[in-house]
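Chemist: In our numbering, the protein residues as written are 401 to 1010. Virtual Cβ for every residue (Gly too), placed ideally from N, Cα, C.
1) Let me make sure I understand the geometry here. Which of 932, 816 and 687 has the alpha-carbon closest to that of residue 879?
2) If I measure Cβ to Cβ from residue 784 and keep anything under 6 Å in the same chain, skipping five residues before and after, which residues do I get?
3) Based on Cα-Cα distance, which residue from 453, 499 and 760 lies nearest to residue 722?
4) Once DSSP output is grouped into helix, strand and coil, what is the label at residue 600?
5) Am I right that residue 471 and residue 528 are in contact with their C-beta atoms under 8 Å? What's the rounded C-beta distance?
6) Roughly how many angstroms lie between the CA atoms of residue 966 and residue 899, to the nearest whole one?
7) Could you have a look at residue 641 and say whether DSSP puts it in helix, strand or coil?
8) With respect to the beta strand (DSSP E) encompassing residue 702, which residues constitute its N-terminal and C-terminal limits?
9) How many Å lie between residue 684 and residue 747 at the Cα?
10) Look at residue 463 and residue 537 and say whether their C-beta atoms are less than 8 Å apart.
11) Is it true that the CB of residue 443 sits closer than 8 Å to the CB of residue 565?
12) Give the DSSP bridge partners of residue 825, in chain order.
13) Identify the residues that DSSP records as bridge partners of residue 799: which are they?
14) Can you list, in chain order, the residues of its chain with a C-beta nearer than 7 Å to that of residue 503? Leave out the 5 residues immediately preceding and following it.
15) Per the DSSP calculation, residue 546 is bridged to which residue(s)?
16) Between which two residues does the alpha helix (DSSP H) holding residue 1016 run?
17) Residue 526 and residue 473 - do their beta-carbons sit closer together than 8 Å?
18) Compare the Cα-Cα distances from residue 935 to each of 890, 961, 894 and 962 and report the closest residue.
19) So, with DSSP's three-state summary, where would you put residue 536?
20) Okay, do the segment 851-862 and the segment 781-799 touch, 3+ Cβ pairs below 8 Å being the bar?
21) Can you tell which of 494, 680 and 541 has its C-alpha closest to the C-alpha of residue 476?
22) Do residue 944 and residue 993 count as a contact pair if the criterion is CB distance below 8 Å?
23) Whose CA, out of 485, 855 and 660, lies closest to the CA of residue 744?
24) Exposed or buried, residue 800, counting other C-beta atoms within 10 Å across all chains shown (16 or more means buried)?
25) Determine, using beta-carbon pairs with one atom in the segment 635-646 and one in the segment 956-964, whether at least three such pairs fall under 8 Å.
26) For the candidate residues 679, 519 and 414, whose alpha-carbon lies nearest to that of residue 568?
27) Pick out whichever of 679, 761 and 807 has its Cα sitting closest to the Cα of residue 701.
28) In terms of alpha-carbon separation, which member of 773, 843 and 493 lies closest to residue 790?
29) Which residues share a DSSP beta bridge with residue 496?
30) Given this structure, state the Cα-to-Cα distance separating residue 429 from residue 752, to the nearest angstrom.
31) Could you check where the beta strand (DSSP E) with residue 943 kicks off and where it finishes?
32) Do you know offhand how far residue 1030's Cα is from residue 962's?
33) Can we say the segment 609-623 touches the segment 984-998, given the rule of at least three CB pairs closer than 8 Å?
34) Tell me whether residue 682 sits in a helix, a strand or coil according to DSSP, three-state version.
35) Let me make sure I understand the geometry here. Which of 826, 804, 825 and 827 has the alpha-carbon closest to that of residue 816?
36) Can you name, in chain order, every residue of its own chain whose Cβ lies under 7 Å from the Cβ of residue 521, other than the five neighbours on each side?
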């Protein structure tokens, strides 16, 4: 695609957009010029998002903070070896800053203008922490290019078909700077992007064709979430969110959540020929392997360490740790790691036969057993900076048996059953409530239980653990507890198939739980496979229908195929009330769609044999 010279370009500067690239050319360069500096100002950085932003959807009202401790500038062009970024703050600033401190924790003195080397930058969201909080006034990328004769040119790779912004060129001649012009880069979405492939499948119901189209869009959305940053340990893994307000992918540093996407990719490659006709099965499997390989980098292998064998779960912003840890706290979590291996590592082991995945999973299982001798209930998080366990566990730890059940299915070792049964039984003693729901939180010292908050997603994680425990042990106890919990969700499901963020509250107040709705769709399919109950299948299908109806079809093509959520926990721990789509929402939706397709295929086979 070539849209020709950009309008308003200066006579000596031209910019062409063609086939995902931006070709910048400069003519009539002053004699004696050694190099030309190209500055690329993306429109995504016209108003850089920050940790103090408040969404217009926030019931408390909208505001934007001029000063915030964390800023999120965007890199939406492929990073090149000699590329840098320039960040400009208020003129009078003193303090320290860190860029992407989860991976590069070293801080440096803050100045009105700082140059950030390419090796500290990430594709898409970057995390710029300052101490004290100051306003980030501008952020752009810089590339220096050589001159041949009186001309210079360079081709940049776009990370988004919707790139727009401003390009400037400056000649460096004997130490002097001369402006060579400015070009505005705009894009007409109506003429430069392909038609929406989902539109012909809009409508009602869960037809085979509609689900296949939605699965393809879901997988392509997941592909766009992949972190391809050149210098980060998460490269190959996934960003967890797409932000429709800031138009950027966010948070590659939540490793725990990558697992369901791995399983979706593998299952789609093996089960749906119509999907693999659009996206070849080897491509899907290679992508799954890349995510798995990236996640394996985060398993601690340090004998004698308190969390030897456990996987880094995530990083979280922490204003108090900028000087020591770049503004981020690193957490290890047994529960989150078990979730990751259940959805990701063990499916990869089954698919590839690579025994290193099983060995790594067994190392985690052994860490779980070891920690069960130290704690009644394993705390939710171990903080690397303090080298202490947090003083709590939440009901989301319930999903841990997912990993143990997957290991047991692979090797049949009764010792794994013992670890899994111990895990779930101890949680039940502290979390199970008489009404069938789980308490939200248990604190160890002093002992305190926070009752259920009826959070749709949180109860879903506990439900996942009950169903996995049934698969692990075939004990009817866990089946019955799951049925008891599910009764609350059956009663609270909206007519359109969704659930409120807190399922007993009106959606108008708390928003619709898109993560919880996708998760519970899959959970109800799993429950139906155990109980055979029609109401469980109906709930699964209604939730699947909600996901189909709320899958994004544009106009933002970067977010195309995601399922948008707007709640206090749109971004779980940040970006409240902003419209975000989450990778594991898409994964659970896709896995639920695969369950429905299997049911349809089974029914069709049954009819064909009558």
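Modeler: Let me spell this out:
1) The residue labelled residue 879 in the question sits at position 479 within the chain shown. Looking at the Cα atoms, 932 is the closest of the given residues.
2) In the chain shown, the residue the question calls residue 784 occupies position 384. Once the five neighbours on either side are set aside, the close Cβ partners of residue 784 are 730.
3) Numbered from 1 along the chain shown, position 322 holds the residue referred to as residue 722. Closest by alpha carbon: 499.
4) Position 200 of the chain shown, counting from 1, holds the residue named residue 600. Confidence is the limiting factor: at residue 600 the pLDDT is only 45, short of 50, which leaves the residue's position unreliable, though a coordinate-based value still follows. Residue state, collapsed to three classes: helix.
5) As a first step, residue 471 is located in the chain shown; it is residue number 71 there, counting from the start. As a first step, residue 528 is located in the chain shown; it is residue number 128 there, counting from the start. With a contact defined as Cβ atoms closer than 8 Å, residue 471 and residue 528 qualify at about 4 Å.
6) As a first step, residue 966 must be located in the chain shown, where it is residue number 566. As a first step, residue 899 must be located in the chain shown, where it is residue number 499. A direct Cα-to-Cα measurement between residue 966 and residue 899 gives close to 13 Å.
7) Here residue 641 refers to the residue found at position 241 when the chain shown is read from its first residue. Looking at residue 641 - three-state DSSP - the assignment turns out to be strand.
8) Here residue 702 is taken as the residue at index 302 of the chain shown, counted from 1. It is not in any beta strand (DSSP E) - residue 702 carries neither H nor E in the DSSP assignment.
9) Position 284 of the chain shown, counting from 1, holds the residue named residue 684. Position 347 of the chain shown, counting from 1, holds the residue named residue 747. Rounded to the nearest angstrom, the two C-alpha atoms are 13 Å apart.
10) As a position in the chain shown, residue 463 is number 63, starting the count at 1. As a position in the chain shown, residue 537 is number 137, starting the count at 1. No, the Cβ-Cβ distance between residue 463 and residue 537 is not below 8 Å.
11) In the chain shown, the residue the question calls residue 565 occupies position 165. In the chain shown, the residue the question calls residue 443 occupies position 43. When the beta-carbon positions are compared, residue 565 and residue 443 come within less than 8 Å of each other.
12) Here residue 825 is taken as the residue at index 425 of the chain shown, counted from 1. For residue 825, which the question treats as bridged, DSSP gives no partner whatsoever.
13) Counting from one through the chain shown, the residue named residue 799 turns up at place 399. When beta bridges are read from the DSSP output, residue 799 appears opposite no residue.
14) Indexing the chain shown from 1 puts residue 503 at position 103. Excluding sequence neighbours, residue 503 sits near 632 and 633.
15) Locating residue 546 in the chain shown gives position 146, where the first residue counts as 1. Checking the DSSP bridge columns, you'll see residue 546 partnered with 435.
16) What the structure shows of the chain is the stretch from 401 to 1010, and residue 1016 is not part of that stretch, so it cannot be assessed.
17) Against the chain shown, residue 473 aligns to sequence position 73. Against the chain shown, residue 526 aligns to sequence position 126. Yes.
18) Against the chain shown, residue 935 aligns to sequence position 535. Closest option to residue 935, Cα to Cα, is 890.
19) The residue you call residue 536 lines up with position 136 of the chain shown. In the three-state DSSP reduction, residue 536 falls in the strand class (E or B).
20) Touching, yes.
21) Along the chain shown, one-based indexing puts residue 476 at 76. Check the Cα spacing between residue 476 and each of 494, 680 and 541: the tightest is with 541.
22) Working through the chain shown from its first residue, we reach residue 993 at position 593. Working through the chain shown from its first residue, we reach residue 944 at position 544. In this structure, residue 944 lies closer than 8 Å to residue 993 by Cβ.
23) As a position in the chain shown, residue 744 is number 344, starting the count at 1. Comparing Cα positions, the closest option is 660.
24) Locating residue 800 in the chain shown gives position 400, counting from the first residue. Buried, since its Cβ has 16 or more Cβ neighbours within 10 Å.
25) Touching, yes, given that three or more Cβ pairs across the two stretches are closer than 8 Å.
26) Reading the chain shown from its first residue, position 168 is the one you call residue 568. Residue 414 is the option with its Cα nearest to residue 568.
27) By 1-based counting over the chain shown, the position of residue 701 is 301. Checking every option, the nearest Cα to that of residue 701 belongs to 761.
28) In the chain shown, the residue the question calls residue 790 occupies position 390. Of the candidates 773, 843 and 493, the one whose C-alpha sits nearest the C-alpha of residue 790 is 843.
29) To locate residue 496, count along the chain shown from 1; it is residue 96. Bridge partners of residue 496: 509 and 531.
30) If you number the chain shown from 1, residue 429 lands on position 29. If you number the chain shown from 1, residue 752 lands on position 352. Those two C-alpha atoms are separated by around 56 Å.
31) To locate residue 943, count along the chain shown from 1; it is residue 543. No beta strand (DSSP E) contains residue 943, which is instead part of the alpha helix (DSSP H) from 934-949.
32) Shown here, the chain extends from 401 to 1010; a query on residue 1030 therefore has no answer.
33) With the cut-off at 8 Å, the segment 609-623 and the segment 984-998 touch.
34) What you label residue 682 is simply residue 282 of the chain shown in a count that begins at 1. Residue 682: helix per DSSP, three-state reduction.
35) Numbered from 1 along the chain shown, position 416 holds the residue referred to as residue 816. For residue 816, the closest alpha carbon among the candidates 826, 804, 825 and 827 is that of 804.
36) Within the chain shown, residue 521 is the residue found at index 121, counting from 1. Once the five neighbours on either side are set aside, the close Cβ partners of residue 521 are 475, 479 and 485.
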